Each structure stands twice: as C-alpha cells, then as structure tokens.
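Protein chains in written order, with the numbering used here: chain W, 23 to 206; chain B, 1059 to 1632.
Ideal Cβ placement from N, Cα and C applies to all residues, glycine included.
Being a predicted model, the structure only gives us computed values, none of them experimental.
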C-alpha cells in the first residue's frame, strides 16, 4: 500500500560507515546518500528539501572538521555564517510538508548568528559513557535542564524512544526521536 | 512515390496475399472515397523560425516577411526577390507571398524582411512531422508548409474528427506554431480546404464530410486550384473567381486551357483526390538545435534555447512512446574567438540518466543542472541537444494514498531528482550504502550507485519476494561476519591518518583541528594475514581509543600495522 518513504544523508566527507547504519536499524535501501563537494553542498541540500520526497534529510556539517572533504578549495564554504540564508531557504522549502531536516553542526564552531532552526539540541560527551543532551532552543518554548544519558545502551533506547519519552513533552517525541537517532 | 495500394498495405497489420488485396480493393471501405486525410498548413512557419533566430527577441506583433533560401550574399540585394511567407500582421496590410520586397515595402514601409535557409525549413517540418506521429502512423511532408496525416480508421482512437483536430492544434500550439487544419478525402483537397476554407470563430479546423465534399470544393476561391500562377491569373481575368465558376465550363474545353496541371485540377473540381502519401520515417535518435547569427554570451540565451529544445524533444519522444536514457549537450563556440582563446571549438556535456525521462520539464531540469557552474570559454553560436539513448517510456498509475499525504515519495519524482543530482555532482556521488564481504573496515562499506528505482510492486511480485531473502539480508550476514559487528564505528576515514609516536595513555593525537589526549585503550580485534589473495597480506591490531580534551570526549578506532609497525587513526565512533 503506497510508496515507502525515503531519507537522505548529505555526506560531503564520504565517511558514513554502512555497518553503523545497519547496526542502528536504518534501512540502507531507503537512505539516499549524497556525497557532494563542499561548494555544491548547499545547492544539493536545497534540492533535496525542495523535492519534498524525503521524510528526513540529514545535512552533515560537523564531520568536515574531522575529515578532509574532496574539492575543499575555500575555507569560507565551511563557515556556518553563510548557512543562515541556506537554512532559511531549507525551512521555506519544507513548510507545510512532512519533510524534516536535521543539520549536524559543531557546537564549538564559530558563528556570527545562530542558525534559524526550529529546534536545537546540543549533544556533548561528558565522559566515556555519559552524554549530555540540552534543548538549547525550541520554537514552542519547551526548553529544560540538560539530561545526562548513559551511552552504553543508548542507541536501542533512542530508537524505541523509551529513554526520552519520559523526559520530554509528548508532542515533541517524534521530532526528538528522529533527530537523535541520526545525530547520535 | 509509393502507390495508393502500397500505402494502404502499411496500415494493415497482417500481410495480405494477392487474392486478399484484390478483395480489399473491391470493398467500399478500400475505395478512395473512404480515405480521410488531415492537412496541416503551417503558413507562418518561416516567420516563426526566422524570428526565433533573432537576438535580442523581436516583437512578433510587427509585420514580418520572410524569404526562404536566400543566399547570405543576396541579403543586401533582396529588393527584387519574391517573398515566401508573411505573418498575419503583414497580411492584414495587404502583403502577400509572391510579391517582391520592393512591392511589399510599398504597402508597409516598416516591414521587417528576414531570411532563413531552406534546410532549416525542411528540418522544422520533419520535426513537426515526428511530433504528429502520435496521431497517425503515416505522416507525409509537403514542402514548404504542409503536413498530411492519414487518419483513415484511426479517428476513433481520439473520439471523433473534431476532437482529433483539437488535439493536433493543441500539440502544434505547444510547439509554438500557428496552424490551419482540415480533414477531407485526399491530400490536395484537404490542403486546399486548410489554406483557403473559411474557419468560423472557435472552430479548431475544417472538417469536410464525405457527402459535402463536392459542394464545399466549389465554394473555394480560384487560388485553391493546383495550377500555375499564369493560368490562375488568366482565369481571374476571365472573371472566374470561385471553383464553382470553373465547374460550369465543359471539362473537355477547360482541360486545354489549364495546361499541364489540368488533370489534378479537373479531379479537384469533381471532388476526386487520389494523390498518394509518402510516409515520413524519422531519424533513429532525435536531436534539436538552435543557432544564432550573432554570438551570444552568458547563460540566459542557453537557458532560453534549452527550454524550447526540451519542449520539442519531449514532443518527439512522446509521439514515439519512448524516453531518453542519455542526452548529449553541445555548445558550439564562435570559431574565431575559440581559436584566439586556444580552446576547443565545441563544448560537449554527456548526461547518463538513471531512469529514462521523456517530459519536457524533467529534461530541462537535468540539462540545466550543470549549467550553473559551467564556465564558457568563448561566445557561442549554437546549442544542440541529442538523445544518445532510447528506452520505452513507462508511466505509473497515480496512487490515491500518496496524493492525499503531504509527503510525495513518488518514484518518478525521485528518479528525476536523482537524475538531476547525478547531472550536477556526478553519478558516482550518490547512491545507497552497502556492506561488503570483507574483514577490512575500508572495504566493508561502499556507495552503490542507483541504477534503477523500484516501482510499486505488484501482488504477484510481492509473493515471489517472500520466497527470496529479504532485501539487505546479505548485508546483515556480512555485518555479523565482521569483527566490528558489536560496535561498528560511525565514520570512517577514506585515507587513515598516520599517528606519530607510540599510542598509550596520555599520548596526544590530533583529530582534525583539535588535539586530544588518550584516556583509555581497549583491544578490539586482530586481523592476521588477511587479503593474501590480493597480495596485501595484512596483519593489524585494532584498538578502541578514548580521547578527551577540554571540549569533551571522543571515541576513535586505531589500528597498529604489525608489518610496518605504524599506527593509523581509521574511524570515529561519535
């Protein structure tokens, strides 16, 4: 019945590891992985969003600090400041649709202005087995104190939403699930 | 030219024996009276083609006259040349084809006189003929401005003749052509009705029923007669202004006055038309091009040209029921500037499509995806798009459930998007990740290009698929065989980073732009003498290393090459 949904992952560093996707329970056959150059990254992200085909589009900006993406000719392409306009375009293109966009950014990266996103989650590993989750911004104002999560068995819990549903408002459960499942 | 019988035999699917053919010839349906021929007269085609070449675009509402086949050196001396075609505005001022430029300019002082090559006109007619193949398997070309379709027996596919005419007219309007259409029992009659028949407002074309053919023929003006200009002028001087006037003369006496074309003219007067049609056979791979007299620069003219070209190619593909599986875009530079800039005279871009496409807007999206970052080395004079591969066009049935949902995961839209991205960033840069059957992490993950998208599976194929291993089952099996099955890393370096110095607690490691110290080390696995069949013969010890700095912790995968005794950072867990 119907056509199954697709997700997309923009991976400019070509570093996404297939076994990790499979181990996380993501259907790799329904995950379109796009590996553009840094110059083409914003263009590709906007095209993916405007297509309104994907249920989730993940744009990975954080791995560029660890890995050397191909075609890296200009450092300014990495700057988050230029992504303010792009994020606005992305949000306009998915307005009123069922598509969600997850931007993975570096918490410590310099930015002149915060990105105009609806929901900002900050994940920080405080120790080998602890992860701190902070809801830094929520369009609906549902911010709260940081949550400390045990990472030893985090992934299965996050996918089923057991650990988060007790801490967050019911309305936001779906959004947090999808966001964390990919961000972690 | 093939005979009438040979044309009729092309319509019949099974081969007929001589006895059968004889019997068919005797039946009323096979007689000439049963033929239904559509004539499409593109009276303004030369004007439309000539205006399309102008840069910047010309105001089409101004009076235009076109000379077909004038040599470039004659353009300055064209005052005595006869005009081949005029647009409706010029016609309203009294300018007619056949007048010299000097005569025409006497009627309209601001008449714009243009010139096009005869080959261009022929090519345009062939292109339109190919588009009309969707309405009839037999389309014939009558230069300089007429196309014929044999719709005998095929009208019912489109409802009735009126509906057929509407659809033909709509198709031609999409291609940007003004047309006059008529249906009658033969090509000469149909063309005469299309060219000279009166068309009431709101009527798409002139449909002449079998029973009214003779009556309607005699209402035509004398110009409709297929005779030479001298004979026509003589008839007009006699006061014979309609075919009905000529029909009152004894045919035997009129024949001697009508000259060589007496036979078809007298046949026409009696409502007979047995002229056979020669079917047009299109080229295997269609192509379209637009040329400019003056070199252009910038992307706008290319985008404008591609819009027109893709519309034409889409119409031709749709007429054949085919789709393009590959496209080639050629941009021909101005030869002099290209030679001066020491660049190739022509820029060629090849597009391999993941899924065959045939709609104009989809083809346009694919072709323009790469133009944004294209650097043109010289001004250009021609844009040409050729279909390099053909496949059957398949369309999917719309699904009500998808139409109701906000998320439209239509495979057709997905295929267009993938084609567009492939044209933009390259076909090898998008796909789905798959796990490989190898112990080495770097060979354990690969990007598989999307070659064909799955369409909605039928119930039968779903039943079959239950017997087969589930999709991704082999990947799961490969994953279980892997040494990293419990906790695979999330990110893998394409080129592992060489780490200087021994790796132990407290050692410093740089990851990207940050410096980390080693907090913990946990042995992961050992790979002993693997890949010997490929000549590598690798031995590695893998360690899971916990790193920390002031911003937080990070888990990484490090391996020790036991042959070279070097350490490499290969993957990250966070």
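Interface partners of residue i on chain W, CB under 9 Å
| i | result |
| --- | --- |
| residue 1502(B) | 39, 40 and 41 |
| residue 1357(B) | None at all; the shortest Cβ gap to chain W is about 15 Å. |
| residue 1483(B) | 56, 57, 58, 59, 62, 65 and 66 |
| residue 1433(B) | What residue 1433(B) touches in chain W: nothing, since even the nearest Cβ is about 13 Å away. |
Contact set for residue i: own chain, Cβ-Cβ below 7 Å, skip 5 residues either direction
| i | result |
| --- | --- |
| residue 1422(B) | 1364, 1365 and 1368 |
| residue 84(W) | 126, 127 and 128 |
Cutoff 8 Å: residue i Cβ touching any chain W Cβ
| i | result |
| --- | --- |
| residue 1578(B) | yes |
| residue 1626(B) | no |
| residue 1475(B) | yes |
| residue 1488(B) | yes |
| residue 1632(B) | yes |
| residue 1265(B) | no |
| residue 1581(B) | no |
| residue 1635(B) | With chain B covering 1059 to 1632 only, the question about residue 1635(B) has no answer from this structure. |
| residue 1495(B) | no |
| residue 1279(B) | no |
| residue 1507(B) | no |
| residue 1554(B) | no |
| residue 1388(B) | no |
Burial state of residue i (16 or more Cβ within 10 Å)
| i | result |
| --- | --- |
| residue 1288(B) | exposed |
| residue 28(W) | buried |
| residue 1559(B) | exposed |
| residue 32(W) | buried |
| residue 1515(B) | The pLDDT assigned to residue 1515(B) is 38, lower than 50, so where the model puts this residue is not dependable; a value taken from the coordinates is nonetheless given after this. With fewer than 16 other Cβ atoms within 10 Å, it is exposed. |
| residue 1520(B) | Bear in mind that the predicted position of residue 1520(B) carries a pLDDT of just 45, short of 50, making it unreliable; the figure below should be weighed with that in mind. Residue 1520(B) is exposed by the Cβ-count criterion. |
| residue 104(W) | exposed |
| residue 167(W) | exposed |
| residue 69(W) | buried |
| residue 1622(B) | exposed |
| residue 1426(B) | buried |
| residue 76(W) | buried |
| residue 1624(B) | exposed |
| residue 1195(B) | exposed |
| residue 1410(B) | exposed |
| residue 1167(B) | exposed |
| residue 1123(B) | buried |
Cut-off 6 Å between Cβ atoms - residues of its own chain near residue i, not counting five sequence neighbours on either side
| i | result |
| --- | --- |
| residue 1405(B) | 1389 |
| residue 1101(B) | 1203 |
| residue 1181(B) | none |
| residue 1551(B) | 1628 |
| residue 1183(B) | 1199 |
| residue 1191(B) | 1197 and 1377 |
Contact set between residue i and chain B, taken where Cβ atoms lie within less than 7 Å
| i | result |
| --- | --- |
| residue 130(W) | 1609 |
| residue 81(W) | Near residue 81(W) there are no residues of chain B at all, since even the closest Cβ is about 14 Å away, more than 7 Å. |
| residue 156(W) | What residue 156(W) touches in chain B: nothing, since even the nearest Cβ is about 13 Å away. |
| residue 115(W) | Those do not exist, as residue 115(W) stays about 13 Å from chain B at its closest Cβ, beyond 7 Å. |
C-beta neighbour in chain B for residue i, strict 8 Å
| i | result |
| --- | --- |
| residue 164(W) | no |
| residue 69(W) | yes |
| residue 44(W) | yes |
| residue 75(W) | yes |
| residue 50(W) | yes |
| residue 105(W) | no |
| residue 209(W) | As shown, chain W starts at 23 and ends at 206. That puts residue 209(W) outside it, with no answer to give. |
Residue i: first and last residue of the uninterrupted alpha helix (DSSP H) it sits in
| i | result |
| --- | --- |
| residue 1420(B) | 1418–1426 |
| residue 1326(B) | 1320–1327 |
| residue 1230(B) | 1219–1232 |
| residue 1180(B) | 1176–1189 |
| residue 154(W) | Residue 154(W) -> not in any alpha helix (DSSP H); beta strand (DSSP E) instead, spanning 152–160. |
Span of the beta strand (DSSP E) around residue i
| i | result |
| --- | --- |
| residue 1307(B) | Premise fails: residue 1307(B) is in no beta strand (DSSP E) and is neither H nor E. |
| residue 122(W) | 122–126 |
Proximal chain W residues relative to residue i, where beta-carbon distance stays under 7 Å
| i | result |
| --- | --- |
| residue 1564(B) | Per Cβ cutoff of 7 Å: no residues; residue 1564(B) is ~16 Å from chain W at best. |
| residue 1044(B) | This structure cannot speak to residue 1044(B), because chain B is shown only from 1059 to 1632. |
Sequence-distant residues of its chain with Cβ nearer than 8 Å to residue i (five each side left out)
| i | result |
| --- | --- |
| residue 1607(B) | 1572, 1573, 1574 and 1575 |
| residue 1218(B) | none |
| residue 1494(B) | 1501, 1502, 1503, 1504 and 1536 |
| residue 1232(B) | 1369 and 1373 |
| residue 1271(B) | 1242, 1243, 1247 and 1329 |
Interface partners of residue i on chain W, CB under 8 Å
| i | result |
| --- | --- |
| residue 1629(B) | 39 |
| residue 1478(B) | 69 |
| residue 1172(B) | Simply none; closest approach about 40 Å. |
Where residue i meets chain B, residues with beta-carbon distance less than 9 Å
| i | result |
| --- | --- |
| residue 148(W) | 1610 and 1611 |
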